[in-house]
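Structure first, then comments.
Protein chains in written order, with my numbering: chain Z, 1 to 501; chain U, 1001 to 1143.
Given below as structure tokens:
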């Protein structure tokens, strides 16, 4: 293990190295850079939405581009590379091998990320992170969309190469005296998430190629004007990206499995159930993709099948939470910074999962679909669970990487800041939705910078940041109250529809 | 590899599975009823395009950006799109279905009170998506 600050080396020695800790360090640096970049876009979005009307972003197209790149950056250029950083550092050590199985392939997989990031950032596409056709084919402007497609293509190849490397390292290069049932749960998490990547990503890679040729006009897979079907893109996309959710979350849970027993000063409550839950998640992750598509006009049978597939993921996730809580039960816990991040992450994981049950229930999904509720739900996962696990692990691995200890007070302060930000922004977003059911269209509202009085709708009025803004600027911050009664009943109005039959 | 017995976890998992089965069954039952379109529902063709809604009633009258319906009657929307994906949404009545070019999706509702409600597009469809909206007027029956 290299101790970077104790024995400093010139940067090119790290850049041209293929050693797993050096590649891991490069992954770490690039993913944290993109965390800051993507996070600054989020700050821009929030600052823009502080008040109705246009504040700092020139026009709605720029705004659409910003939230597209925000999502793409944080998912593909922060979360996945961060997991690779941790995996590169620890997986070879945990399976007791000198390096990754294919060190050069490992370095190649990393060096695909910066050009892809440059393509995405210079392109600045506007079609949201799922690039729905036919908008992305016939309407999305200019080279931006093509650059996004190429960027994602490169990132997909990079993920698959990295995943192959992890699978071979864990299965073939582990110490012969150690069975697969003895490797740490962190390594298990990389094994399962890598297998998901290998199965899921090629589908999206195919869809991207089809999207590109559609854009060039030589094919019409998703273009209805040429006999294609836009819904088939949605199926291909979500077949990759619902399992991809588990690719994102499983390594973060693995990191918590490393942190929680260490700071609880106890072994993990049940190693076997941890493995079982990882394997279950990797399997049921493939049975639920079309729950993103209830509103596309699916038949009742299809919806039922995917609802059952979605609900099947809940027990496996619940087993992880149980494992964490049971490990901490009666333990002499040391609340150091990594432990606090991990515990916060578990709490938010629970809220995210509980909220997800609402989305999976068919009738309720028709009220939450495409609203703030769903934004709150998946940000509780990606920001709440995954980023909390990752940042906690960043503190955890800091002494390993640098040879120095981080400042405990600063670490805890950073947690308090982020946890408050997280709870206030995300939980309030979800909670306000629940209480006032002011669920106007997320994407509509995200784009809506019109005055709420003019448009006579809630959009952002229920957002607490918006209310702060109103108070500061002496706007009528209570405008949502007038609307409350009308909106409150609508969550249950499907029941009223039933009564009217 | 912990040597102790693990029964609390399995009991917990069984409880979670039972809870999910209950949620699923309730949702299945509700959705089954909601999907059942009444036989006397009047058909309205709702067409989405960048960036407005057009409604065509059974008698051939067309409305743009506005929709007038009568209280107490059931209406079935046939939602289509002429360019990109949109999503037809009357949030107050939980009417939501995507408008996909090349497809006809149906959704129905029966307004139970006189009033005005927002109609909006709920699927990102480009530059002026945020303003792709209309108004639903629920009125007393004329005859």
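Think of the CB as a built atom: it goes at the ideal place given N, C-alpha and C, for glycine as much as any other residue.
Under the three-state DSSP convention, the category residue i falls into
i: residue 1081 of chain U; result: strand
i: residue 1140 of chain U; result: coil
i: residue 1051 of chain U; result: coil
i: residue 258 of chain Z; result: helix
i: residue 490 of chain Z; result: Note that residue 490 of chain Z scores 38 on pLDDT, short of 50, meaning its location in the model is unreliable and no value can be drawn from it.
i: residue 57 of chain Z; result: coil
i: residue 66 of chain Z; result: helix
i: residue 174 of chain Z; result: coil
i: residue 1107 of chain U; result: strand
i: residue 1076 of chain U; result: strand
i: residue 385 of chain Z; result: helix
i: residue 472 of chain Z; result: With a pLDDT of only 46 at residue 472 of chain Z, under 50, the local geometry of the prediction cannot be trusted, and the value read off the model is given with reservation. Residue 472 of chain Z: helix per DSSP, three-state reduction.
i: residue 371 of chain Z; result: strand
i: residue 229 of chain Z; result: coil
i: residue 120 of chain Z; result: helix
i: residue 15 of chain Z; result: helix
i: residue 112 of chain Z; result: coil
i: residue 1035 of chain U; result: coil
i: residue 416 of chain Z; result: helix
i: residue 462 of chain Z; result: Because residue 462 of chain Z carries a pLDDT of 38, less than 50, the predicted location of this residue cannot be relied on, and no value is offered for it.
i: residue 132 of chain Z; result: coil
i: residue 265 of chain Z; result: coil
Exposure of residue i, with buried meaning 16 or more beta-carbon neighbours within 10 Å
i: residue 178 of chain Z; result: exposed
i: residue 1029 of chain U; result: exposed
i: residue 92 of chain Z; result: buried
i: residue 6 of chain Z; result: exposed
i: residue 1091 of chain U; result: buried
i: residue 1066 of chain U; result: exposed
i: residue 1105 of chain U; result: buried
i: residue 416 of chain Z; result: exposed
i: residue 1140 of chain U; result: exposed
i: residue 218 of chain Z; result: exposed
i: residue 215 of chain Z; result: buried
i: residue 11 of chain Z; result: exposed
i: residue 1079 of chain U; result: buried
i: residue 341 of chain Z; result: buried
i: residue 252 of chain Z; result: buried
Short Cβ contact (9 Å threshold) for residue i with residue j
i: residue 164 of chain Z; j: residue 271 of chain Z; result: no
i: residue 1116 of chain U; j: residue 1137 of chain U; result: yes
i: residue 162 of chain Z; j: residue 254 of chain Z; result: no
i: residue 41 of chain Z; j: residue 75 of chain Z; result: no
i: residue 1024 of chain U; j: residue 135 of chain Z; result: no
i: residue 310 of chain Z; j: residue 288 of chain Z; result: yes
i: residue 147 of chain Z; j: residue 125 of chain Z; result: yes
i: residue 117 of chain Z; j: residue 34 of chain Z; result: yes
i: residue 1035 of chain U; j: residue 306 of chain Z; result: no
i: residue 229 of chain Z; j: residue 222 of chain Z; result: yes
i: residue 1055 of chain U; j: residue 1046 of chain U; result: yes
i: residue 1119 of chain U; j: residue 1089 of chain U; result: yes
i: residue 85 of chain Z; j: residue 1087 of chain U; result: no
i: residue 201 of chain Z; j: residue 286 of chain Z; result: no
i: residue 349 of chain Z; j: residue 249 of chain Z; result: yes
i: residue 1103 of chain U; j: residue 231 of chain Z; result: yes
i: residue 1110 of chain U; j: residue 1075 of chain U; result: yes
i: residue 327 of chain Z; j: residue 412 of chain Z; result: no
i: residue 83 of chain Z; j: residue 204 of chain Z; result: no
Beta-bridge partners of residue i, as assigned by DSSP
i: residue 1135 of chain U; result: U:1066, U:1118
i: residue 1087 of chain U; result: U:1098
i: residue 244 of chain Z; result: Paired residues: none, contrary to the question.
i: residue 272 of chain Z; result: DSSP lists no partner for residue 272 of chain Z.
i: residue 1042 of chain U; result: U:1075
i: residue 1056 of chain U; result: U:1045, U:1062
Residue i at chain B interface by Cβ criterion, 9 Å
i: residue 69 of chain Z; result: This model lacks chain B altogether, as its protein chains are Z and U.
Any non-hydrogen atom of the ligand MG within 8 Å of residue i CB
i: residue 410 of chain Z; result: Ligands in the displayed structure: none, and consequently the ligand MG is not present.
How do the region 14 to 21 of chain Z and the region 371 to 381 of chain Z stand: do at least 3 beta-carbon pairs fall below 8 Å, yes or no? no
At least 3 beta-carbon pairs within less than 8 Å: the region 315 to 334 of chain Z vs the region 255 to 274 of chain Z: Yes, they touch.
Can you confirm whether the region 45 to 63 of chain Z touches the region 107 to 123 of chain Z when touching is taken to mean that 3 or more C-beta pairs between the two stretches lie within less than 8 Å? no
Contact between the region 358 to 373 of chain Z and the region 394 to 413 of chain Z (3+ Cβ pairs under 8 Å): no
Do the region 239 to 252 of chain Z and the region 168 to 177 of chain Z touch if we need at least three Cβ pairs shorter than 8 Å? Touching, no.
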